[in-house]
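Right, one structure below, let's go through it.
Residue numbers (the working numbering): 4 to 314.
Okay, structure coming up:
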């Protein structure tokens with residue numbers, strides 16, 4: 004218990020240190036001026052489409068959960084998704100709330116491993132979409148302005164992601180122990196989604212739609228701040244920062260996200276103050292969305308499910 008608390012404290016400190024370093028390095032007056040001059044209509048529009056994107060992602064999650072035996076009303080998936088966003092505010096990386104989503108979906112009867120598999124599939128298909136956007140943007144628009152190592156990492160990650168996505172059934176046949184592992188954790192078959200190709204294609208399409216919405220959210224926030232970069236730039240910036248913020252190095256990606264926006268915008272010639280201000284507005288959207296999840300959590304019966312499962 005003490006070890007877990009110490010790790011959490013360490014990672015909270017890590018994120019806080021990054022923020023402090025940014026605050027000390029970036030002209031605070033310029034950041035405050037940028038935030039003061041930000042146009043509220045663009046922020047509100049960004050918040051609105053971001054929330055809509057979360058509902059869309061909850062629908063995608065439902066499509067992935069049903070083949071595993073989880074048949075619940077759509078409103079439950081939306082509620083679980085927002086509750087997960089609430090717990091993301093206190094967990095490691097920006098996806099720590101997935102643990103609570105898995106518990107809520109499993110309820111008191113079904114396997115948490117199966118529910119976790121649906122979330123893993125949701126995250127993985129989203130990651131493939133993110134890397135696809137990033138690689139396309141790098142190849143078409145920023146081939147000559149970005150470091151070779153960064154371009155190579157993006158393209159390498161994309162190729163590996165698609166190879167695994169397309170060849171998993173073959174890997175299961177080649178390595179029987181994968182099937183045994185699946186049965187051991189009550190998944191029966193790792194390749195269950197490949198048996199429903201139409202649903203799989205639909206899920207991939209929704210993944211691209213969802214991340215387009217997230218990218219446009221940040222583009223609107225950049226517009227609110229008067230950041231002048233091509234729209235295509237956000238299809239590179241946002242995926243990279245999103246991937247960085249999922250690393251379990253800080254609480255809710257704090258510091259990693261904001262530092263990521265400073266660094267990525269600076270690569271494109273945007274002053275650090277604007278990049279940091281954009282990171283803070285993104286953080287505000289995440290906080291507001293998470294607090295909406297808190298309302299759902301505390302004003303519903305869903306916490307009872309978690310307490311029963313723990314008992």
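Each residue gets a CB set at the ideal place from its N, CA and C atoms; glycine is no exception. Quantities reported herein were computed from a predicted structural model and do not represent experimental measurements.
Is residue 88 near residue 99, with beta carbons less than 8 Å apart? no
Just to check my reading of the structure: residue 195 and residue 232 have Cβ atoms closer than 8 Å, yes? What is that Cβ distance to the nearest angstrom? About 42 Å; that fails the 8 Å criterion.
Taking the Cβ atom as the reference point for each residue, do residue 70 and residue 199 lie within a distance shorter than 8 Å? yes
The alpha helix (DSSP H) spanning residue 89 covers which residue range? 77 to 91
Minimum length 3: unbroken beta strand (DSSP E) runs contained in the segment 194 to 218: none
Beta carbon of residue 210 nearer than 8 Å to that of residue 63: yes
Report buried or exposed for residue 36, applying the criterion of at least 16 other Cβ atoms within 10 angstroms of its Cβ. exposed
For my contact list, residue 237 and residue 86 are in at a C-beta cut-off of 8 Å; report their separation, rounded to the angstrom. Between residue 86 and residue 237 the Cβ distance is about 28 Å, and since that is not below 8 Å, they are no contact.
Can you name, in chain order, every residue of its own chain whose Cβ lies under 6 Å from the Cβ of residue 263, other than the five neighbours on each side? 244 and 247
Starting from residue 44, trace the alpha helix (DSSP H) in both directions and tell me its first and last residue. 43 to 68
In chain order, which alpha helix (DSSP H) runs of at least 4 residues are fully inside the segment 109 to 154? 115 to 144
Hey, could you find the ends of the alpha helix (DSSP H) residue 291 is sitting in? 275 to 301
Which residues in the same chain have their Cβ closer than 6 Å to the Cβ of residue 268, if we skip the five residues on either side of it in sequence? 278
Whose C-alpha, out of 130, 162 and 77, is nearest the C-alpha of residue 208? 130
Could you give the DSSP three-state label for residue 23: helix, strand or coil? helix
Which residues in the same chain as residue 226 place their Cβ atom closer than 8 Å to its Cβ, once the five residues preceding and following it in sequence are excluded? 42 and 45
Between residue 239 and residue 141, how many whole angstroms is the CB-CB distance? I'm expecting something under 8 Å. 6 Å
Which whole-angstrom value describes the C-beta separation of residue 220 and residue 289, a residue pair presumed to lie in contact below a C-beta threshold of 8 Å? So it is not a contact: roughly 10 Å between Cβ atoms.
List the whole-angstrom C-beta distance separating residue 72 from residue 117, where the pair is believed to meet the contact cut-off of C-beta under 8 Å. 7 Å
Using the Cβ count rule (16 or more neighbours within 10 Å means buried), how would you classify residue 256? buried
Can you tell me the Cα-Cα spacing of residue 251 and residue 123, whole angstroms? 16 Å
Cβ neighbours of residue 222 in the same chain (closer than 7 Å, five flanking residues each side left out): 234 and 237
In angstroms, rounded to a whole number, what distance separates the CA positions of residue 154 and residue 271? 14 Å
Hey, quick one: how far does the alpha helix (DSSP H) through residue 38 stretch, first residue to last? 31 to 40
Looking only at its chain, what residues have a beta carbon closer than 7 Å to the beta carbon of residue 138, apart from the 5 residues adjacent to it on each side? 157, 158 and 161
Determine the DSSP secondary structure at residue 183, reduced to helix, strand or coil. helix
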